[in-house]
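Quick note on the working numbering: the sequence shown kicks off at 5 and runs consecutively.
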Amino acid sequence: MKKLIGIVLIFALMAGMFIAFINYAPEHNPFSKKEEYYVLIGDKYTVEKSKTDKGEEYINYMYTLPGFDKQGNKRDITFNGLKVLRQHAYLKITMRADTVISYNEVQLEDIPSAAKIKVST
C-alpha cells in the first residue's frame, strides 16, 4: 500500500511539473511544433538599452518584420538582434509557441518558392 501511494505521489508530481513546464515555458517544450518563417531585413528597428544585474549596459535591436512560411502565409514577427543586422539580408526565423528561438541568414535560393515570391517583393 505504501508503494502504491509513493508511486501515485511521484506520478502526480511529475504530471504537475509537466503541466507547469508547458504553461510557463512553452518555447522550451520539445513537444510543441516549430514553425519557420522567412523575412527580409530592412532599415527599421528600435534600439533598447538595458543593464545586466551587474550594472553593465547592453543594447538590443528590436525588429518587427513581415514573415512568410513555406506556404506563403504572412505573419508579423518581432525579435531582438544583439547587433544591427545586415540590410537586405534574408533570414530564416524558427519559432516555437509564438517565440523566436533562432534566426539564421539564408540565400534567396534557399527560401521555398511560395515564400520567396512574397518575401522578395
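Think of the CB as a built atom: it goes at the ideal place given N, C-alpha and C, for glycine as much as any other residue.
Just so we're clear, the structure is a prediction, and the values are computed from it rather than from any experiment.
My guess is that Ile121 and Gly76 are in contact by the Cβ rule of under 8 angstroms, so how many angstroms apart are they, rounded?
7 angstroms
How about Tyr49 and Met66: do their beta carbons lie closer than 9 angstroms?
Closer than 9 angstroms, so yes.
Output needed for Ile97: all residues of its chain with C-beta closer than 8 angstroms, excluding positions within five of it in sequence on either side, in chain order.
These residues qualify, in order along the chain: Glu40, Tyr41, Tyr42, Val43, Gly71, Ile81, Phe83, Val104, Ser106 and Tyr107.
Within this structure, are the beta carbons of Arg79 and Lys37 separated by less than 9 angstroms?
No, these two residues do not count as a Cβ contact at 9 angstroms.
Mind checking which residues open and close the alpha helix (DSSP H) that includes Ile121?
Ser117 to Val123
Thinking just about the alpha-carbon of each residue, which of Glu109, Glu61, Ala19 and His92 is nearest to the one in Thr125?
His92
Roughly how many whole angstroms lie between the Cα atoms of Ala16 and Lys6?
15 angstroms
Taking 8 angstroms as the limit between beta carbons, can you name the residues of its chain near Gln111, skipping five residues before and five after?
Tyr94
Would you tell me roughly how many angstroms separate the C-alpha atoms of Lys55 and Val88, rounded to the nearest one?
18 angstroms
Under three-state DSSP, which class holds Leu86?
coil
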